[in-house]
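Numbering (our numbering), first residue to last: 22 to 394.
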C-alpha cells in the first residue's frame, strides 16, 4: 500500500490548497483536474502541459495509480461485471449495462454493506469499510479507459453510437452516459466521501456529468436524505421501498426499525426536486411476501402526492435466500394496480443474472459469485 495520499481522494478545494502550499501557480489545478477526470491520466508523467519538474513534484506528493481490474465477466445480454482490487487487499464490483440509448455504470460506495437487507447478497456478506472518493471515482475512470482502449465490448450498436465520441487523434472514445450508485454498499452511510465524489462527477472542472444522468440509491437513511437535499447536488434519488407496511419492511429491511415508513416518506415529500424530476422508488417483489394487489394498493396510497415512479424488480434469489421470485402473473397484477392509479411502474428485467451481476447479487470476492443492484 502506498504511503502517499491518493490525489483523487482530494476535492478541488483540497487539492488547490495543497498545490498552493508547494508554490505551484493557481491555474495548474484546472490542468491537473482535466488530466485526472477528462483525459483519465494514469501517471503524472502523462500530464505533458506541465513542466517536468512540476510533474515530478506531484509524483513525490501523491499517488495516481488506478484501481486494477482483477476480473471481468460478460453476460449473454451484454452486461459486463468488473471486480476491482483495492490497495488493502479488499475488492468491490461494478457493472456496465448497455441499453439502446445509454451506457450505464453501476458503481459501489462501500466494501460490503451494513444494512443487512434480507433479499440482498451484499448485505448478507457484511460490512468491511467505506470507499474513499478516489476509489469511487476510479471505478468510472478505469472502465472508461477500458472502453476507449477497445476493452469490454457489447453487441448494442445503438448504445455504442450514443456513447461514442472522437478523440483528437481520431480514435473512437466510448463514454459512459449514466452513473448509478446502486452497487455494493449504502451510499448515504458513506456520506462525506460520496458527496466529494459527486461534486467531482458533476463539476465542470471534474467529469462534467449532468446531474440528470447520476442517480443515488438509498435504503432509506432519513437524516442523510435530508442532508443530501441541502447540498444542492441535484442528482436523481432512488429509494428502496420494498414493502407497503412497517411490519413487512421491518422484516426485509432492518433500516425500517430506525426510520419507519412515515418518516421515510416525509423526507421524500420534502426532498427538493427540479422541475419535471421524480423520485424513483425501487420495489423488489418477493413471492407471497409483498407482491399482492393489496400491497400495491397500499403502495399507491403511501406515495400519494410524491412525484415519483416505481421500478418493479422481481427478486433475484441467491443460494440460501429466504425469498422466491414471484410469478409473472403476480408481477403484472401488481403493476396494473399502480398503473390504474396513474403511477408509472416499469418492470425492470434484471440484467446479467448469468454472471451474478443482477440486482441483489454483488458480493465483491474474487473466489465467489458476485452481486449488483
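We put the CB at the ideal spot given by N, CA and C, even for glycine.
- Go ahead and label residue 367 buried or exposed: buried means 16 or more other beta carbons lie within 10 angstroms of its beta carbon, across all protein chains shown. Locating residue 367 in the chain shown gives position 346, counting from the first residue. Around the C-beta of residue 367, fewer than 16 other C-beta atoms lie within 10 Å, and the residue is accordingly described as exposed.
- With 16 other Cβ atoms within 10 Å as the buried cut-off, status of residue 314: Taking the chain shown and counting its residues from 1, one reaches residue 314 at position 293. Exposed, since its Cβ has fewer than 16 Cβ neighbours within 10 Å.
- Determine contact between the stretch 275-283 and the stretch 328-346, defined as no fewer than three beta-carbon pairs at a distance below 8 angstroms. Too few Cβ pairs lie closer than 8 angstroms, so no.
- Could you give the distance in angstroms between the alpha-carbon of residue 68 and the alpha-carbon of residue 62? The sequence position of residue 68 within the chain shown is 47, counting from 1. The sequence position of residue 62 within the chain shown is 41, counting from 1. Each residue's alpha carbon lies about 7 angstroms from the other.
- Residues bridged to residue 83 (per DSSP): Here residue 83 corresponds to residue number 62 of the chain shown, with the count starting at 1. Paired residue(s): 26.
- Query: Alpha carbon to alpha carbon, what distance is there between residue 252 and residue 287?
  - Reply: The residue given as residue 287 occupies position 266 in the chain shown. The residue given as residue 252 occupies position 231 in the chain shown. Those two C-alpha atoms are separated by around 18 angstroms.
- Message: Could you check whether residue 133 and residue 110 sit closer than 7 angstroms to each other, using their CB atoms as the reference points?
- Response: In the chain shown, the residue the question calls residue 110 occupies position 89. In the chain shown, the residue the question calls residue 133 occupies position 112. Result no, Cβ atoms of residue 110 and residue 133 do not sit closer than 7 angstroms.
- Message: One question on the structure: do residue 238 and residue 203 come within less than 7 angstroms of each other, judged by their Cβ atoms?
- Response: Within the chain shown, residue 238 is the residue found at index 217, counting from 1. Within the chain shown, residue 203 is the residue found at index 182, counting from 1. Taking 7 angstroms as the Cβ cut-off, residue 238 and residue 203 qualify as a contacting pair.
- Item | In DSSP terms, what residue 150 is bridged to | In the chain shown, the residue the question calls residue 150 occupies position 129. DSSP, once it has assigned bridges, lists 132 as partnering residue 150.
- On the three-pair Cβ rule with 8 angstroms, is the stretch 110-127 touching the stretch 51-62? no
- Ignoring anything shorter than 3 residues or poking outside the stretch 226-300, list the beta strand (DSSP E) runs there in chain order. DSSP runs (the beta strand (DSSP E)) wholly in the stretch 226-300: 235-239, 257-261.
- Check whether the Cβ atoms of residue 140 and residue 305 lie closer than 7 angstroms to each other. Taking the chain shown and counting its residues from 1, the one referred to as residue 140 is at position 119. Taking the chain shown and counting its residues from 1, the one referred to as residue 305 is at position 284. Yes; because the gap between Cβ atoms is below 7 angstroms, this pair is in contact.
- Task: Could you pull out every residue in the same chain whose Cβ sits closer than 7 angstroms to the Cβ of residue 145, ignoring the five residues on either side in sequence?
- Result: Taking the first residue of the chain shown as 1, we reach residue 145 at position 124. Once the five neighbours on either side are set aside, residue 145 has no close Cβ partner at all.
- Query: By DSSP, does residue 74 sit in helix, in strand, or in coil?
  - Reply: The count along the chain shown starts at 1 and reaches residue 74 at position 53. Three-state DSSP puts residue 74 in a helix.
- Could you tell me if residue 218 is buried or exposed, where buried requires 16 or more neighbouring beta carbons within 10 angstroms of its beta carbon? The sequence position of residue 218 within the chain shown is 197, counting from 1. Classification for residue 218: buried.
- Query: Going by DSSP, what residues sit across from residue 348 in a beta bridge?
  - Reply: Indexing the chain shown from 1 puts residue 348 at position 327. Bridge partners of residue 348: none, in fact.
- Item | Three-way DSSP call (helix, strand, coil) for residue 197 in this model | Here the question's residue 197 lines up with position 176 in the chain shown. The answer is coil: DSSP assigns residue 197 none of H, G, I, E or B.
- Message: I need the DSSP call for residue 41, collapsed to helix, strand or coil.
- Response: The count along the chain shown starts at 1 and reaches residue 41 at position 20. Note: residue 41 maps to helix in three-state DSSP.
- How many angstroms separate the CA atom of residue 242 from the CA atom of residue 216? Stepping through the chain shown from its first residue, residue 242 is reached at position 221. Stepping through the chain shown from its first residue, residue 216 is reached at position 195. If you take the alpha carbons of residue 242 and residue 216, they lie about 15 angstroms apart.
- Task: Could you tell me the boundaries of the beta strand (DSSP E) in which residue 101 lies?
- Result: Position 80 of the chain shown, counted from the start, is the residue given in the question as residue 101. Start and end: 101-106.
- Between the C-alpha atoms of residue 40 and residue 349, what's the straight-line distance to the nearest angstrom? To locate residue 40, count along the chain shown from 1; it is residue 19. To locate residue 349, count along the chain shown from 1; it is residue 328. Each residue's alpha carbon lies about 58 angstroms from the other.
- Item | Residue from 47, 342, 264 whose Cα sits closest to the Cα of residue 332 | By one-based count along the chain shown, residue 332 stands at place 311. Ranking 47, 342, 264 by Cα distance to residue 332 puts 264 first.
- Could you work out which residue in 71, 113, 99 is closest to residue 395 when comparing CA atoms only? Here the chain comprises residues numbered 22 to 394, so residue 395 is not present and cannot be evaluated.
- Consult DSSP for residue 365 and reduce its assignment to one of helix, strand or coil. Start at 1 with the first residue of the chain shown, and residue 365 comes out as number 344. Residue 365 sits in a strand when the DSSP states are folded into three classes.
- Message: My output table needs one value for residue 33: the three-state DSSP class, helix, strand or coil.
- Response: Here residue 33 is taken as the residue at index 12 of the chain shown, counted from 1. Here residue 33 sits in helix by DSSP.
- Message: Quick check on residue 210: buried or exposed, where buried means 16 or more other Cβ atoms within 10 Å of its Cβ?
- Response: Here residue 210 is taken as the residue at index 189 of the chain shown, counted from 1. That one is buried.
- Message: Give me the DSSP bridge partner(s) of residue 113.
- Response: Taking the first residue of the chain shown as 1, we reach residue 113 at position 92. DSSP output for residue 113 lists 105 as bridge partner(s).
- Message: So, with DSSP's three-state summary, where would you put residue 169?
- Response: For the purposes of this step, residue 169 is identified with residue 148 of the chain shown, where counting begins at 1. The answer is helix: DSSP assigns residue 169 an H, G or I state.
- Message: With H, G and I counted as helix, E and B as strand and the rest as coil, what does DSSP make of residue 46?
- Response: For the purposes of this step, residue 46 is identified with residue 25 of the chain shown, where counting begins at 1. Coil.
- Expected contact under 8 angstroms - CB spacing of residue 222 and residue 197 to nearest Å: In the chain shown, the residue the question calls residue 222 occupies position 201. In the chain shown, the residue the question calls residue 197 occupies position 176. Contact doesn't hold; Cβ gap of about 11 angstroms is too wide.
- Where does residue 182 fall in DSSP's three states? In the chain shown, the residue the question calls residue 182 occupies position 161. Note on residue 182: pLDDT 37, under 50, position unreliable in the model; the coordinate value appears next. Residue 182: helix per DSSP, three-state reduction.
- Message: With distance defined between alpha-carbon atoms, name the residue in 351, 307, 311, 322 nearest to residue 342.
- Response: Numbered from its first residue, the chain shown carries residue 342 at position 321. Per the Cα distances, 307.
- Query: With 16 other CB atoms within 10 Å as the buried threshold, where does residue 257 fall?
  - Reply: As a working mapping, residue 257 is identified with position 236 in the chain shown. Per the 10 Å Cβ criterion, buried.
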